[in-house]
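Undergrad: Once you've had a glance at the structure underneath, I'll fire off some questions.
Chains as they are written, first to last, in the working numbering: chain L, 46 to 213; chain S, 44 to 670.
Given below as structure tokens:
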């Protein structure tokens, strides 16, 4: 087994850090130490985004690099250009990356419709963060026990804000 | 090969009705052949699951054989949700549904329900709801004499007999429920059980949505009926049974239960095959039954094909038996009967009454949705798709005036109403407001601030707040039988095997529409009493299939997948197609099974009742064969 070239690894790590700020979930959720999926979702999503505009992804990563150390919300708001009525190509790519992580589907950067997505893979659907954000499970994929639905779910965890709340 | 062996019975269709009849007769040593139009039951459901996971639109049909939207190219095309969106275009929609013609009165709406043509039938994506009819449901004519009810007829079956058949069906399906929890329905709607009866398995626990609605409707009444919530008897395991696991709450009963905790007819089919007396042939599409000079059925003609889309190798075959059962579905059964016409039977078989294909009915769905107040999440998208309902509105004196309904409480948030979580997720990322939740803008109100474009922790928080407060209800409305709501054969359009496709005329009468209005009223009243904010809105849905206006109010109706009425049972051979045993009045050795036999449809999901009737049919065939 040969390890990938260092530059590729660091680009992937950078992508995870960027994705964490954009999605609001901790890097551990996006890139678990024992990742059960093959390829890992981070790799799948970086490859998917690259296929639709590698130069734009590079520009987004470069912009992210200049914001290191800022609070995640500030980074997300800046990269998404939330106050700009006509966001740049990098901001639109950031949107598509969030959608990849949330529902496992690729939406073209110009998409504004929920029905435009293409499911990237089975694992991508199952790994969608939207299900975590609503304290549920992917429809069609429950690892929970009979009757769990009769009581409230465990508190939301694995998000940047719940992490801060737990440690701060 | 089929012809090499002598069969007592040929059954057309490997769904729950055909499966039960095959099992019962196979157990008694009768030789049975099942002809199934669709592909074999897969060895494992993983392939169906993979197709489901990868489908962009997770419609009920999405896990199953491909829908090409080209019915003329498919061996076994079927109605689908994607086809329904193209219902006016017969090149894309299997059901030929002509443009509205005002001369035909209420007709001109799309028939909105779908079904599958695979081994196991549509139980692959049934919800599992296993409610019994109540005695008054069998006597719509003598109890209510509802105006506008077509040629209303009572069921020719006694409730006491149906009750014992229900016990057999609930055992075969494996129903989880508690008689004690259903007890309040005795006074409210007349539901009773034989003394000492217990369901096969303990009840399925209520969801948090159920609990909120149950608490919210305390003390309510509507049209003289109390409004209260009861857990729904369900064909899903609450304990391990039949080598199938307990329900893990995958929230995916429709389109597919990933672990088969929910019963489907493949369970019964496997049992039937294991008797050693039942054979099954897949990819065998019956085209017609052939009558002899005495009017008895002498053989079945069918086409075998090699592949679903653009079949290249199609073989015409035929097989004979002592008796025949059509159990192909309430649209496919009349299709076969009508296609079997001969000079002696110019209107098709079993059709002296001219009732074959008529009285097409569904449980028309009025769908509504709402958001719980801030800080009061109900945690939807968890548990089976539905665990409770309001059954107390299913019967009452009001049935002389308007259609009754039951209310199904949904555990899947706004998935059915708007396609969530996808819509709300996209809204908060794109800065749009299709859901009405970004910002919260109930229908008819002005949006107070610009829609947010979120990412990072704020996105998690917004989605958590909105999605955990969603819930919906669906009223399943009793449609009345109408002669002009019917299935005929299109004279021109064919499927990929050259078989004429079903042509549909469909619409609602005043009795049904007034039930729709009542459903809207009570749904809104429930949301109001709960303090929930209602978001039901069809004012912009003019282009959606199922849009209509009634008394100035815009509506969209949905199909329940409960296709019924097209070979109605009765005692009078001039008014009905089959008798109480589902035996054709006109052909001594032909039985026609399924919800097509229901003369009136009441409000419960039909699978349990059609399963109960299948036991009665098996008994009747067994008796006839031993003569």
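Heads up, the beta-carbon is just placed ideally off N, CA and C, and yes, glycines get one too.
#1: Give the residues of chain L in contact with residue 301(S), contact being defined as C-beta atoms less than 9 angstroms apart.
#2: Expressed to the nearest angstrom, what Euclidean distance is found between the alpha-carbon atoms of residue 140(S) and residue 371(S)?
#3: Taking the Cβ atom as the reference point for each residue, do residue 511(S) and residue 184(L) lie within a distance shorter than 8 angstroms?
#4: Taking the alpha helix (DSSP H) that residue 672(S) falls in, what are its first and last residues?
#5: Would you call residue 657(S) buried or exposed, if buried means 16 or more other Cβ atoms sit within 10 Å of its Cβ?
#6: Taking the straight line between their C-alpha atoms, what separation do you get for residue 148(L) and residue 68(L)?
#7: Helix, strand or coil: which one does DSSP assign to residue 169(S)?
#8: Using only the alpha-carbon positions, how far apart do residue 659(S) and residue 346(S) sit?
#9: Just mark residue 420(S) as buried or exposed, buried being the case when its beta carbon has 16 or more other beta carbons within 10 Å.
#10: Could you tell me the distance, in whole angstroms, from the CA atom of residue 669(S) to the CA atom of residue 167(L)?
#11: Taking the DSSP output, what are the residues bridged to residue 243(S)?
#12: So the candidates are 377(S), 446(S) and 200(S); which of them puts its Cα closest to the Cα of residue 33(S)?
#13: Kindly give me the distance between the Cβ atoms of residue 477(S) and residue 466(S), rounded to whole angstroms, as I take these residues to be in contact under 8 angstroms.
#14: Between the segment 90-103 of chain L and chain S, which residues of the former have a C-beta closer than 7 angstroms to a C-beta of the latter?
#15: Can a CB atom of chain S be found closer than 8 angstroms to the CB of residue 114(L)?
#16: With distances taken between CB atoms, is the gap from residue 120(L) to residue 66(L) smaller than 8 angstroms?
#17: Would you report the Cα separation of residue 375(S) and residue 544(S), rounded to the nearest angstrom?
#18: Answer with yes or no whether the minimum CB distance from residue 74(L) to chain S is below 8 angstroms.
#19: Considering just the uninterrupted stretch of the beta strand (DSSP E) at residue 309(S), what are its terminal residues?
#20: Within 10 angstroms of its Cβ, does residue 298(S) collect 16 or more other Cβ (buried), or is it exposed?
#21: Please confirm whether residue 146(L) has its beta-carbon closer than 8 angstroms to some beta-carbon of chain S.
#22: By alpha-carbon positions, which one of 641(S), 275(S) and 579(S) ends up nearest to residue 600(S)?
#23: In this structure, does DSSP put residue 641(S) in helix, strand or coil?
#24: Is it a yes or a no for the segment 255-268 of chain S touching the segment 439-458 of chain S, going by three-plus beta-carbon pairs under 8 angstroms?
#25: How about residue 190(L): is its C-beta nearer than 8 angstroms to some C-beta of chain S?
#26: Using a Cβ-Cβ cut-off of less than 9 angstroms, list which residues of the segment 77-89 of chain L approach chain S; keep chain order.
#27: Reducing DSSP to helix, strand and coil, say where residue 513(S) ends up.
#28: Among residues of its own chain, excluding the 5 on either side of residue 502(S), which ones have a beta-carbon nearer than 8 angstroms to its beta-carbon?
#29: When the Cβ atoms of the segment 386-394 of chain S are set against those of the segment 72-79 of chain S, are three or more pairs found closer than 8 angstroms?
#30: In three-state terms, what does DSSP make of residue 174(S)?
#31: Comparing C-alpha positions only, which one of 295(S), 59(S), 431(S) and 557(S) sits nearest to residue 252(S)?
#32: Leaving out five residues before and five after residue 320(S) in sequence, what residues of the same chain have Cβ atoms less than 7 angstroms from its Cβ?
#33: Who are the neighbours of residue 59(L) on chain S, taking C-beta pairs under 9 angstroms?
#34: Over what stretch of residues does the beta strand (DSSP E) that includes residue 331(S) continue unbroken?
#35: In chain S, which residues lie less than 8 angstroms from residue 67(L) when you measure between Cβ atoms?
#36: Going by beta-carbon coordinates alone, are residue 228(S) and residue 434(S) separated by less than 8 angstroms?
TA: Inspection of the coordinates gives the following:
#1: The count along the second chain starts at 1 and reaches residue 301(S) at position 258. Neighbours of residue 301(S) on chain L, chain order: 185, 186 and 187.
#2: As a working mapping, residue 140(S) is identified with position 97 in the second chain. As a working mapping, residue 371(S) is identified with position 328 in the second chain. CA-to-CA, the gap between residue 140(S) and residue 371(S) works out to about 21 angstroms.
#3: Walking along the second chain from the start, residue 511(S) turns up at place 468. Walking along the first chain from the start, residue 184(L) turns up at place 139. No, these two residues do not count as a Cβ contact at 8 angstroms.
#4: No answer is possible for residue 672(S): it lies beyond the span of chain S, which begins at 44 and ends at 670.
#5: In the second chain, counting from the first residue as 1, residue 657(S) sits at position 614. Classification of residue 657(S): buried, given that the 10 Å Cβ count is 16 or more.
#6: Locating residue 148(L) in the first chain gives position 103, counting from the first residue. Locating residue 68(L) in the first chain gives position 23, counting from the first residue. Cα to Cα, residue 148(L) sits roughly 12 angstroms from residue 68(L).
#7: Counting from 1 along the second chain, the entry for residue 169(S) is found at position 126. Coil at residue 169(S), not helix or strand.
#8: By 1-based counting over the second chain, the position of residue 659(S) is 616. By 1-based counting over the second chain, the position of residue 346(S) is 303. When only Cα atoms are considered, residue 659(S) and residue 346(S) end up about 30 angstroms apart.
#9: In the second chain, counting from the first residue as 1, residue 420(S) sits at position 377. With 16 or more other Cβ atoms within 10 Å, it is buried.
#10: Here residue 669(S) refers to the residue found at position 626 when the second chain is read from its first residue. Here residue 167(L) refers to the residue found at position 122 when the first chain is read from its first residue. Computed Cα separation, rounded: 53 angstroms.
#11: Here residue 243(S) refers to the residue found at position 200 when the second chain is read from its first residue. None; residue 243(S) has no bridge partner.
#12: Past the boundaries of the shown model lies residue 33(S); chain S is included only from 44 to 670, so the question cannot be answered.
#13: Position 434 of the second chain, counting from 1, holds the residue named residue 477(S). Position 423 of the second chain, counting from 1, holds the residue named residue 466(S). Approximately 5 angstroms separates the beta-carbon atoms of residue 477(S) and residue 466(S); this is inside 8 angstroms, confirming the contact.
#14: none
#15: Residue mapping note: residue 114(L) aligns to position 69 of the first chain, counting from 1. No, residue 114(L) does not count as interfacial toward chain S.
#16: Reading the first chain from its first residue, position 75 is the one you call residue 120(L). Reading the first chain from its first residue, position 21 is the one you call residue 66(L). The answer is yes: Cβ separation under 8 angstroms.
#17: Locating residue 375(S) in the second chain gives position 332, counting from the first residue. Locating residue 544(S) in the second chain gives position 501, counting from the first residue. Straight-line Cα distance between these residues: approximately 9 angstroms.
#18: As a working mapping, residue 74(L) is identified with position 29 in the first chain. Under the Cβ criterion of 8 angstroms, residue 74(L) is not counted among the residues facing chain S.
#19: Counting from 1 along the second chain, the entry for residue 309(S) is found at position 266. It is not in any beta strand (DSSP E) - residue 309(S) instead sits in the alpha helix (DSSP H) that spans 308-317.
#20: Along the second chain, one-based indexing puts residue 298(S) at 255. Label assigned to residue 298(S): buried.
#21: As a first step, residue 146(L) must be located in the first chain, where it is residue number 101. Output row for residue 146(L): interface = no.
#22: On the second chain, residue 600(S) is found 557 positions in, with the first residue counted as 1. The candidate whose alpha carbon is nearest that of residue 600(S) is 579(S).
#23: The residue labelled residue 641(S) in the question sits at position 598 within the second chain. Shown here, residue 641(S) sits in coil according to DSSP, grouped into three states, outside any helix or strand.
#24: yes
#25: Translated into the one-based positions of the first chain, residue 190(L) becomes position 145. Judged by the 8 angstroms Cβ criterion, residue 190(L) is in contact with chain S.
#26: Flagged: no residues at all.
#27: As a working mapping, residue 513(S) is identified with position 470 in the second chain. Here residue 513(S) sits in strand by DSSP.
#28: On the second chain, position 459 is the one that residue 502(S) refers to. Around residue 502(S): 471 and 472.
#29: no
#30: Taking the first residue of the second chain as position 1, residue 174(S) is located at position 131. If DSSP states are grouped into helix, strand and coil, residue 174(S) belongs with coil.
#31: Translated into positions along the second chain, residue 252(S) becomes position 209. Nearest option by C-alpha distance: 431(S).
#32: Residue mapping note: residue 320(S) aligns to position 277 of the second chain, counting from 1. Excluding sequence neighbours, residue 320(S) sits near 69, 72, 73, 74 and 75.
#33: As a first step, residue 59(L) is located in the first chain; it is residue number 14 there, counting from the start. Those do not exist, as residue 59(L) stays about 17 angstroms from chain S at its closest Cβ, beyond 9 angstroms.
#34: Looking up residue 331(S) in the second chain gives position 288. First-last of the beta strand (DSSP E) with residue 331(S): 327-334.
#35: Looking up residue 67(L) in the first chain gives position 22. What residue 67(L) touches in chain S: 498 and 499.
#36: Counting from 1 along the second chain, the entry for residue 228(S) is found at position 185. Counting from 1 along the second chain, the entry for residue 434(S) is found at position 391. Contact: yes.
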